[in-house]
Amino acid sequence: MDVVIKVVAFSLVVLFIYMLLHETKSVLSLMILLTAGILIFLFISPYIKEIISFMRSMADKVGMDFAYIQIVMKIIAIAYLSTFCSMLCRDAGVTVLGKKVEFTGKIMILFLAVPIMMSVLDSILKIM
Numbered sequence: 001m002d003v004v005i006k007v008v009a010f011s012l013v014v015l016f017i018y019m020l021l022h023e024t025k026s027v028l029s030l031m032i033l034l035t036a037g038i039l040i041f042l043f044i045s046p047y048i049k050e051i052i053s054f055m056r057s058m059a060d061k062v063g064m065d066f067a068y069i070q071i072v073m074k075i076i077a078i079a080y081l082s083t084f085c086s087m088l089c090r091d092a093g094v095t096v097l098g099k100k101v102e103f104t105g106k107i108m109i110l111f112l113a114v115p116i117m118m119s120v121l122d123s124i125l126k127i128m
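At position 11 of the sequence shown (counting the first as 1) the number is 11 in the UniProt record's numbering, and the numbers step up by one without a gap.
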């Protein structure tokens, strides 16, 4: 809960600074927004290690191959990172680049999902 409060407080301060500078110094205000977005991402990144550790321990407890968990974690990371980058591009007024990042993320997610789909199909074929 503390993290959310810190991020919200930081975001409100950045928003206030942006509103002050937006009319007179639009380039500087845009750079402040982009920097704030990156700082927020860096601020929450240590929690990702905890999530990965939790997922690894859960996979060990149920006897699941961690390779599948890794693939799912990569897919989630790609989804978050491509969305984050796309939003930064939109904030900078470069929507076209943001859409290309989103498209690339979707293709990479599909590419990473192929081994899982093959495993599911293989399991179905063994049952039949």
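Glycine included, every Cβ here is placed at the ideal spot set by N, Cα and C.
Note that the structure is a prediction, hence the values are computed from the model and not measured.
What is the DSSP secondary structure of Glu23, counted as helix, strand or coil?
Along the sequence shown, read from residue 1 onward, the residue named residue 23 stands at position 23. Reduced to three states, the DSSP call for Glu23 is coil.
Please check the pair Val14 and Leu33, which I expect to be a contact at CB under 8 Å, by giving their CB distance rounded to whole angstroms.
Reading the sequence shown from its first residue, position 14 is the one you call residue 14. Reading the sequence shown from its first residue, position 33 is the one you call residue 33. The beta-carbon separation of Val14 and Leu33, rounded to 7 Å, stays under the 8 Å limit for a contact.
In the structure shown, what three-state DSSP assignment does Met64 receive?
Reading the sequence shown from its first residue, position 64 is the one you call residue 64. Three-state result, Met64: coil.
Counting only the same chain and skipping the five closest in sequence on each side, list residues whose C-beta sits under 7 Å from that of Leu97.
Taking the first residue of the sequence shown as 1, we reach residue 97 at position 97. Answer for Leu97: Cys89, listed in chain order.
Which of the three DSSP states is assigned to Gly93 in this structure?
As a first step, residue 93 must be located in the sequence shown, where it is residue number 93. When secondary structure is reduced to three states using DSSP, Gly93 falls in the coil class, being assigned neither helix nor strand.
When we look at the beta-carbon of Ser26 and count the other beta-carbons within 10 Å, is it buried (16 or more) or exposed?
One-based indexing of the sequence shown puts residue 26 at position 26. With fewer than 16 other Cβ atoms within 10 Å, it is exposed.
Identify which residue in Thr35, Phe43, Val94 and Ile38 has its Cα closest to the Cα of Ile5.
Residue numbering aside, residue 5 sits at position 5 when the sequence shown is read from its first letter. Here the closest residue by C-alpha is Phe43.
Cβ-heavy atom distance between Ile107 and the ligand NAP below 7 Å?
Absence of the ligand NAP is noted for the structure shown, with no ligands found whatsoever.
Looking at Ile116: is its Cβ nearer than 8 Å to the Cβ of Ile71?
On the sequence shown, residue 116 is found 116 positions in, with the first residue counted as 1. On the sequence shown, residue 71 is found 71 positions in, with the first residue counted as 1. Cβ atoms of Ile116 and Ile71: closer than 8 Å.
Anticipated Cβ contact below 8 Å, Thr104 with Ser82, distance rounded:
Here residue 104 is taken as the residue at index 104 of the sequence shown, counted from 1. Here residue 82 is taken as the residue at index 82 of the sequence shown, counted from 1. Right, the Cβ-Cβ distance comes to about 7 Å (below 8 Å), so this counts as a contact.
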